[in-house]
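See below for the structure under consideration.
Listed below in structure tokens is the structure:
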């Protein structure tokens with residue numbers, strides 16, 4: 001198929017340019033593409049609108065405005081724009097892909113600083129690829145529109161008559177426009193390679209919904225709501241969407257890029273389809289994060305070591321003293337009054353066994369501290385409607401030391417909440433704040449019924465489902481922890497795959513496979529990733545680095561005998577290296593980007609010869 005024939009497969013509808021104030025990203029139009037091969041003859045012209053209407057009914061974070069609304073783009077200020085992990089994450093988890101009761105992978109913070117280089121990214125347009133609802137049912141022809149943001153201009157590569165590589169961001173656990181806005185290195189890498197940037201949305205997020213179950217974002221959803229959600233399905237979507245883009249634009253090569261959970265997708269996609277992916281860049285990807293693998297490597301406690309290292313030592317000790325006071329000295333009634341928590345059964349439908357109020361309160365607070373560590377960036381960012389200052393762990397410690405100096409007897413929940421008040425919404429807020437697994441009412445805060453809701457990466461909806469059945473990770477507080485309650489003192493901080501499986505069964509109706517079976521499927525041999533044409537980057541401040549390739553403890557460095565394509569950055573938080581450049585970027589991040597560009601450029605050049 002020629003390039004012209006491929007382009008004829010889709011039609012673009014024009015609309016006014018929409019801009020975001022804090023980054024020069026443009027989305028200028030919508031394309032409704034439906035593969036003739038998969039078309040079932042239904043009214044495809046209206047299908048994206050149907051999906052958008054469904055999205056408006058869902059409980060989105062933190063806004064449910066439709067993507068095509070000019071109000072959505074033009075009324076958002078830098079301080080209120082929301083992102084993913086996202087990160088995390090992961091991150092996230094993160095994903096998405098940090099979280100620690102708050103999904104760091106899903107809520108990516110926004111860099112409110114405009115990048116300083118003179119490059120202005122070209123406008124993005126929306127395409128819809130007709131993805132199969134079930135990629136593994138050979139008898140079904142049911143499809144759904146999978147959203148893609150791409151530079152659709154004919155002159156995108158700036159080389160007349162020559163198409164450069166596709167530079168594809170492989171999605172995350174959130175709406176794709178958030179990641180397109182944040183991940184500036186995709187645009188800069190595409191410019192460097194004279195290629196074409198594209199961002200592919202994951203099924204069950206944004207507008208890419210494969211089924212019309214209105215409850216897909218509820219914590220009480222049954223497994224039937226997510227019967228088409230698995231990493232295998234997501235990877236198959238990526239293969240189909242990338243193949244479509246290659247046909248459409250005639251691109252000879254593909255560079256895959258992903259951060260946090262998206263980085264895991266990037267690495268798995270390249271390893272499974274080396275004929276499709278020429279080169280790859282996976283940032284902050286916890287590829288060794290399966291519980292069985294972490295336990296065999298004795299890494300399940302390392303995530304809490306890294307979180308603690310983000311705080312100054314004396315501050316970590318003060319926080320640990322407060323948690324111990326909560327556990328041993330404060331009654332549940334006292335904690336409930338201090339934190340203004342609603343009765344524990346107010347947010348439980350009866351299916352999920354309830355943890356004690358004290359357990360849930362401790363889980364909520366320690367995970368807030370983990371989230372702040374995940375956002376320990378060297379400049380101010382915006383997250384879930386609140387501004388997070390640069391180096392936010394320092395702000396926590398400054399607040400804490402000030403409180404202790406003024407009132408040394410203020411202990412327990414009082415001390416921790418006082419240090420976090422700048423970060424936590426007041427109780428008179430009426431907003432639903434899923435980023436904290438928390439709902440505010442006029443007189444109290446509602447916590448989730450189970451302590452497991454405050455495990456890293458868990459947030460109501462499809463991301464928790466993936467953590468239960470796809471990405472089973474282990475987290476345990478070590479005996480050496482100065483900041484958190486060790487496993488021997490506080491049982492919920494012990495990892496138990498059996499207990500976690502019970503939580504998943506209560507939440508979604510059936511028990512997950514063992515983490516070992518998932519690890520066996522995806523593979524956790526570090527060499528199997530390193531030996532590919534992939535750049536693997538991690539930051540030493542990133543809690544999710546505990547499951548990264550090449551991690552060897554708190555002092556992991558690139559110079560520690562690691563291959564040239566495995567890079568560890570000093571003073572770098574969760575996939576900071578993929579963001580737009582900033583004057584306050586640590587030197588290690590700047591150098592890592594330079595080295596990543598060099599390697600990827602070499603691999604693409606070699607593949608073109």
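Numbering (full-length UniProt numbering), first residue to last: 1 to 609.
Don't be surprised by glycine CBs; every beta carbon is placed ideally from N, CA and C.
Computed from a prediction, not measured in an experiment: that's the story for all the values here.
By the beta-carbon neighbour count (other beta carbons within 10 angstroms, threshold 16), residue 356 is exposed. A straight-line Cα-Cα distance of about 8 Å links residue 177 and residue 149. Here DSSP, grouped into helix, strand and coil, assigns residue 332 to helix. The C-beta separation of residue 423 from residue 386 comes to about 7 Å, placing the pair in contact by the 8 Å criterion. Exclusion of the five residues before and after residue 492 leaves 359, 451 as the residues of its chain whose Cβ lies within less than 6 Å of its Cβ.
With a cutoff of 9 Å on beta-carbon distance, residue 309 and residue 541 are scored as near each other.
Residue 400 and residue 318 do touch by the CB rule: their CB atoms are close to 6 Å apart, below 8 Å. About 7 Å separates the beta carbons of residue 166 and residue 255, which is inside the 8 Å limit, making them a contact pair. Using a Cβ-Cβ distance cut-off of 8 Å, the stretch 560-576 and the stretch 535-552 are in contact, since at least three pairs of beta carbons, one from each stretch, lie closer than that value. Distance between residue 284 and residue 464, taken at the CA atoms: about 20 Å. According to the DSSP secondary-structure assignment, residue 246 is paired through a beta bridge with no residue. DSSP places residue 517 in the uninterrupted alpha helix (DSSP H) bounded by 515-522. DSSP places residue 146 in the uninterrupted beta strand (DSSP E) bounded by 143-150.
In this structure, residue 484 and residue 320 form a Cβ contact; the two beta carbons are roughly 7 Å apart against a cut-off of 8 Å. Classified as buried, residue 593 has 16 or more neighbouring CB atoms from the shown chains inside 10 Å of its CB.
The C-beta of residue 138 has fewer than 16 other C-beta atoms within 10 Å across all chains shown, which makes the residue exposed. Annotation for residue 198: 148, 149, 150, 151, 166, 167, 168, 169, 245 place their beta carbon closer than 8 Å to its own, counting only its chain and skipping 5 residues before and after.
Distances from the alpha-carbon of residue 209 to those of 265, 131, 496, 269 put 131 closest. Between the alpha carbons of residue 373 and residue 392 lies a gap of roughly 8 Å. Contact between residue 282 and residue 267 holds, with the beta-carbon distance rounding to 5 Å and staying under 8 Å. Residue pairing by DSSP puts residue 538 in a beta bridge opposite 568. Following the DSSP letters along the chain, one finds residue 296 inside the alpha helix (DSSP H) bounded by residues 291-296.
The alpha-carbon of residue 469 is positioned some 14 Å away from that of residue 459. Taking each of 516, 143, 134 in turn and checking the Cα distance to residue 128, the smallest one comes out for 143. For residue 169, the uninterrupted beta strand (DSSP E) segment begins and ends at 166-169.
For residue 337, the closest C-alpha among the options 232, 371, 446, 404 is that of 446. Under the three-pair Cβ rule at 8 Å, the stretch 579-590 counts as touching the stretch 175-192.
Taken through DSSP and simplified to helix, strand or coil, residue 369 comes out as helix.
Closest by C-alpha distance to residue 232, out of 505, 293, 133, is 133. Counting along the chain, the unbroken beta strand (DSSP E) around residue 387 starts and ends at 386-388.
In this structure, the CA atom of residue 479 is about 9 Å from the CA atom of residue 301.
The distance from the Cβ of residue 515 to that of residue 291 is about 4 Å, consistent with a contact at the 8 Å cut-off. Following the DSSP letters along the chain, one finds residue 530 inside the alpha helix (DSSP H) bounded by residues 526-530. For the 9 Å CB-CB criterion, residue 229 and residue 549 do not form a contact.
Around the C-beta of residue 533, 16 or more other C-beta atoms lie within 10 Å, and the residue is accordingly described as buried. Straight through space, the alpha carbons of residue 273 and residue 443 are spaced by roughly 54 Å.
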